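With my numbering, the residue at position 36 of the sequence shown is 46, and numbering never jumps.
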Amino acid sequence: RPSVLTTWIMNGRTRTGKRVVLGEADAAALATSWESWWAELQEIWRMRDEDGRWRRDVYGNEWKKLIVPGQNGLLSVVAVLSWW
């Protein structure tokens, strides 16, 4: 997972205390890190097209990798997206 997410979790997942503020370079690094992390969370049947985008026409029955309950689970993916 992106290091900025780890920092946010260690600081208590707060909206008010130590806020996540990203500069341009940090945002670009976060985008790359997040994309790699998101790819790791995908099931084996998920595929990308020739441009590297996730295909929308391929479906599978297994989503176990995305079933991550708790405060450090899938909500963390959404939290990182909200920082853009």
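For glycine and all other residues, C-beta sits at the position ideal for the given N, C-alpha and C. Keep in mind that this is a model prediction, so the values were computed, not measured.
Own chain partners of residue i with C-beta closer than 7 Å, once the 5 adjacent residues on each side are dropped
| i | result |
| --- | --- |
| residue 64 | 56, 58 |
| residue 19 | 82 |
| residue 32 | 40, 93 |
| residue 53 | 70, 72, 73, 75 |
Residue i burial status per 10 Å Cβ neighbour count (16 or more: buried)
| i | result |
| --- | --- |
| residue 79 | exposed |
| residue 86 | buried |
Test item: CB-CB of residue i and residue j under 8 Å
| i | j | result |
| --- | --- | --- |
| residue 12 | residue 48 | no |
| residue 90 | residue 15 | yes |
| residue 51 | residue 75 | yes |
Limits of the unbroken alpha helix (DSSP H) element including residue i
| i | result |
| --- | --- |
| residue 57 | Run containing residue 57: none; DSSP gives neither H nor E here. |
| residue 68 | Here residue 68 belongs to no alpha helix (DSSP H), and DSSP marks it neither H nor E. |
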